[in-house]
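Chemist: Could you have a look at this structure, given as structure tokens, before my questions?
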Amino acid sequence: MANATVVVTSSWIPLLCLVVLSTCTAVSSAMECNGDDRAVLLRVKAQLGDPDLDITGTSISGPVPASYLAGATNLRTLVISDSRLAGPIPTSLAGLPNLRYVDLSGNFLTGAIPPGLVHGSFRFLILSRNRLTGEIPSCYGGDDVDTVDLSHNRLTGDPSPFLFGITRPATKINLSWNKLAFDMTEVRFPHHLRFLDLSHNRITGKVAKSLMDVRLEHFNVSDNELCGEIPAGRFMAAHAKSNSSRVRLDPVLRLISSKWEDNCEWQKG
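Residue numbers (mature numbering (1 follows the signal peptide of the UniProt record, and there is no 0)): -30 to -1, 1 to 239.
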């Protein structure tokens, strides 16, 4: 915890007090908190005035305190990653007009992703490595969203109609290790996309030809139910040079050829 970064405004003092107290033992006084927790509070007092909160790797436990979040109208950045938060993501986050960056990755959050969280000039949504379920809300394909990382959850449904599209500004989309199901054949991907990981889902069809026009630096669609050939042309050709019988796109695409062909035959039938 000594390396945790904390940057908050005065409106976050009640929230931080509650969060720090949640890590204390069940005793009669909050003064029983350990020295590290007291150090966090001292750093909070020293960094007032910036509407950003970053508490990473602090082992904070319990639910995200919704009542305090509702009043943090100036908050722009919320980072509470690699901790022990549990329960649902509070819907009150959707009511924060200036929120642009949310990272709640590496916790034990459950339930559905609340609609309305992505709005206005929202840029970064990172909810990976939780236990979230349900479908991705359609509003998450907003015009200003740059990064969406919802990997390693239990999400279902088809996000392609709203999350993908040639005019979308997204540069990074990671939906790997979920239960998403859709036909990839005709999907149009954002032209500026540089990172795409859809591995370990239930995606069918063929690898979209539209990817030939996308300058991807990371591309992984392994462990799905795709079939057919990998598009070879324009930007995809650079990846295809390293292909072998295992159909590996460098740096990251693994499509085991035997499974790939079996899927093709199954879909033809």
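Even glycine gets a Cβ: it sits at the ideal position worked out from N, Cα and C.
#1: What are the uninterrupted segments assigned as beta strand (DSSP E) that are 3 or more residues long and contained completely in the stretch 146 to 204, given in chain order?
#2: Would you tell me roughly how many angstroms separate the C-alpha atoms of Thr103 and Asn144, rounded to the nearest one?
#3: Taking the runs of the beta strand (DSSP E) that are 3 residues or longer, which of them lie wholly in the stretch 61 to 91?
#4: Alpha carbon to alpha carbon, how far is Ala82 from Ser192?
#5: With Phe132 as the anchor, note down where its alpha helix (DSSP H) starts and where it stops.
#6: Consult DSSP for Ala36 and reduce its assignment to one of helix, strand or coil.
#7: If you drop the 5 nearest sequence neighbours on each side, which residues of the same chain put their C-beta closer than 7 Å to that of Lys179?
#8: Does the Cβ-Cβ distance between Phe189 and Leu163 come in under 7 Å?
#9: Could you tell me which of Pro67, Pro107, Ile50 sits nearest to Thr26, measuring between CA atoms?
#10: So, helix, strand or coil for Ser121, using DSSP?
#11: Pop quiz: Ile59 and Pro84 are said to be a contact at Cβ under 8 Å. What is the actual Cβ separation, rounded to whole angstroms?
#12: Return the residue from the list Val72, Ser91, Ile96, Gly175 that minimises the CA-CA distance to Val198.
#13: How would you write the range of the beta strand (DSSP E) that Asn44 sits in, first residue to last?
Modeler: Taking the definition as stated:
#1: 165 to 167, 188 to 190
#2: 16 Å
#3: 71 to 73, 78 to 81
#4: 25 Å
#5: Per DSSP, Phe132 belongs to the alpha helix (DSSP H) from 130 to 133.
#6: Here Ala36 sits in helix by DSSP.
#7: Pro201
#8: no
#9: Ile50
#10: Coil, per DSSP.
#11: 6 Å
#12: According to the sequence provided, residue 198 is Gly. The question's Val does not apply to it. Gly198 has its Cα closest to that of Gly175, out of Val72, Ser91, Ile96, Gly175.
#13: Asn44 -> no beta strand (DSSP E), and no H or E assigned at all.
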